[in-house]
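Take a look at the structure set out below.
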Amino acid sequence: MKRNNFVKTGILILSISVIPLQPLLAQEDKNEYKESCTSIMVGKDASTDGSVMTSHTCDAYYRTWLEFVPAKENEPGTKHPIYWGTVHTHTAWSREKLELKGEIPEADKTFAYLNTAYPCLNEKQLAIGETTFGGRRELRNKESLFLIEELERIALQRCTTARHAIKLIGELIKEYGYADGGECITIADPHEVWQMEILGEGPDKIGGVWAAQRIPDDHVGIAANICRIGEIDLKDPGNFMASENVFKVAKKMKYWMV
140 MKRNNFVKTG
150 ILILSISVIP
160 LQPLLAQEDK
170 NEYKESCTSI
180 MVGKDASTDG
190 SVMTSHTCDA
200 YYRTWLEFVP
210 AKENEPGTKH
220 PIYWGTVHTH
230 TAWSREKLEL
240 KGEIPEADKT
250 FAYLNTAYPC
260 LNEKQLAIGE
270 TTFGGRRELR
280 NKESLFLIEE
290 LERIALQRCT
300 TARHAIKLIG
310 ELIKEYGYAD
320 GGECITIADP
330 HEVWQMEILG
340 EGPDKIGGVW
350 AAQRIPDDHV
360 GIAANICRIG
370 EIDLKDPGNF
380 MASENVFKVA
390 KKMKYWMV
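Per this note's numbering, the very first residue in the sequence shown carries number 140; after that it's consecutive.
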C-alpha cells in the first residue's frame, strides 16, 4: 500500500482485497464454514493507484473491538506468552476463558500494530487477513503450541514484509507446532501480496505443513473458506514457498500419490 495514515489504512484493510488458486488438501465438510470469513487480495497493477491490498471479513461471533498496540523495546530475556481463546474476549484487557499454553522468547523490539480477533496491520504497512478452510481433522495436533491468531500477532510485531512474515511463521510452526485447523492467511506489504495455507502435521507430530503462493501483480484473488493453492512449484521461489515437509506429509497421509 501507499504510505498513508496508519489508522486510515487500518480502516481500509478491514474492508477490501483478492487471488486465483485451488485446493492443496480436500475440505472435510464444505458446509462447515458456510457464511464465514472471506479475504480479498489485490496486486499493485490491479489497483487504480498502485496500492497492494488484502482484507478480511470476520463473519462470526468473534470480538469486534479494535486496539492500537504501541511499539515496544523489550528487556533481554523477556518472554512472549502464548494464549488460546483470545478471539473471544469482550475487551482488550479482559482475560476471561484465556488459557496460557506456553511462552517463547520475545523480540528485542516489537512494532506497533492493530489488534483485534485476528490482528491485522502494523506500522510498516504489513497487513494480514484470515479465512478458515478446516482441512483434514486427522492432521490436527492439540499438543502443539500455536493457533493462527497468535502467529498473526507475532508476525505483525516482528516483520516488515510478507515474505519475512511467511518465513517467520514457518519457523515458529516447525519449532513449536501448529494446533489449529486448516487456515489461510493473506499477507500484504507495500509491494506484494501472498496467500499462505497452514495445516497440522498429524496427531503424532509437533509441527505443521504449509504452502504459500504470491498473487501476480496484475491479479485479484479471493479466498472464502476453501483452499486455493493447487500446484506448488518450488523451482519458482519468486512465487512459491512451502515447508520442507510438504510433499513428505502428503505422501505419508496418502493424499498425494506419485
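The C-beta atom is built at its ideal place from N, Cα and C for all residues, glycine as well.
Residue(s) in a DSSP beta bridge with residue i
i      : result
Asn254 : Glu206
Cys323 : Thr270 and Glu336
Pro220 : Glu242
Glu212 : Lys248
Asn261 : Tyr252
Val348 : Leu338
Val181 : Met192 and Val359
Own chain residues within Cβ distance below 6 Å of residue i, not counting five before or after
i      : result
Ala389 : Trp395
Arg279 : Gly339
Pro287 : First, the amino acid is wrong: residue 287 is Ile here, not Pro. Result list for Ile287: Asp319 and Glu322, in chain order.
Thr300 : Asp328
Ala165 : Low confidence applies here, because Ala165 scores a pLDDT of 43, under 50, leaving its location unreliable; read the following figure in that light. So no residue of the chain qualifies.
Lys248 : Glu212
Gly189 : Lys183
Reduced DSSP category for residue i - H, G, I as helix; E, B as strand; rest coil
i      : result
Tyr394 : coil
Asn384 : coil
Gly268 : strand
Thr228 : coil
Ala246 : coil
Ser154 : Its pLDDT being 38, under 50, Ser154 is placed unreliably by the model, and the measurement read from it follows with that caveat. Of the three classes helix, strand and coil, the one that applies to Ser154 here is coil, per DSSP.
Ile312 : helix
Asn143 : The predicted model places Asn143 with a pLDDT of 48, which falls under 50 and marks its position as unreliable, so this point remains unresolved.
Ile361 : strand
Glu167 : Low local confidence applies: a pLDDT of 46 at Glu167 is under 50, so the model's placement there is unreliable, and no value is given.
Thr148 : Because Thr148 sits at a pLDDT of 45, beneath the cut-off of 50, its placement in the model cannot be relied upon, and the following sentence gives the value as read from the coordinates. The answer is helix: DSSP assigns Thr148 an H, G or I state.
Arg279 : coil
Arg367 : coil
Arg353 : strand
Pick from the options that is closest to residue i, judged by C-alpha positions
i      : options                           : result
Glu291 : Ser283, Leu307, Glu282 and Lys281 : Leu307
Lys313 : Glu383, Met180, Ala256 and Phe207 : Glu383
Leu311 : Thr249, Ile221, Pro258 and Ala362 : Ile221
Leu260 : Cys176, Pro209, His227 and Ile337 : Pro209
Ile324 : Thr270, Ala251 and Glu212         : Thr270
Lys240 : Thr187, Lys281, Lys387 and Trp232 : Lys281
Ser178 : Asp357, Asp198, His229 and Gly224 : Asp198
Val191 : Val359, Ala363 and Glu370         : Val359
Phe272 : Gly224, Ile345 and Ile368         : Ile368
Lys211 : Gly346, Asp184, Arg297 and Lys393 : Arg297
Thr255 : Ile337, Ile365 and Thr228         : Thr228
His195 : Pro258, Ala231, Ala185 and Lys183 : Pro258
Ala185 : Asp357, Ser175 and Thr203         : Asp357
Trp204 : Ala294, Trp232 and Val181         : Trp232
Gly316 : Ile361, Arg302 and Gly346         : Gly346
Cutoff 7 Å; reference residue i; Cβ partners in own chain excluding five residues on either side
i      : result
Ile305 : Ile326, Trp333, Met335, Ala351 and Met380
Lys344 : Asn280
Ala363 : Thr177 and Thr270
Glu238 : Tyr222, Trp223 and Gly224
Gly309 : Trp349 and Ser382
Leu284 : Ile221, Lys240, Gly241, Tyr315, Gly316 and Ala318
Contacting residues, own chain, Cβ-Cβ under 8 Å from residue i (five flanking each side not counted)
i      : result
Glu393 : A quick correction: the sequence has Lys, not Glu, at residue 393. Excluding positions up to five away in sequence, the list is empty.
Gln161 : Low confidence applies to Gln161: its pLDDT is 38, below 50, so where it sits in the model is not reliable, and the reading given next is rough at best. If we look at Gln161 and ignore the five residues flanking it on each side, its Cβ neighbours are Cys366, Arg367, Ile368 and Gly369.
Val385 : Val348, Trp349, Ala350 and Ile371
Glu262 : Phe145, Ala210, Phe250, Ala251 and Tyr252
Should the segment 241 to 253 be called in touch with the segment 205 to 218, which here means at least 3 C-beta pairs below 8 Å? yes
Meets three-Cβ-pair contact criterion under 8 Å: the segment 375 to 390 and the segment 351 to 358: yes
Does the structure place the segment 327 to 335 close enough to the segment 250 to 266 that three or more beta carbon pairs sit under 8 Å? yes
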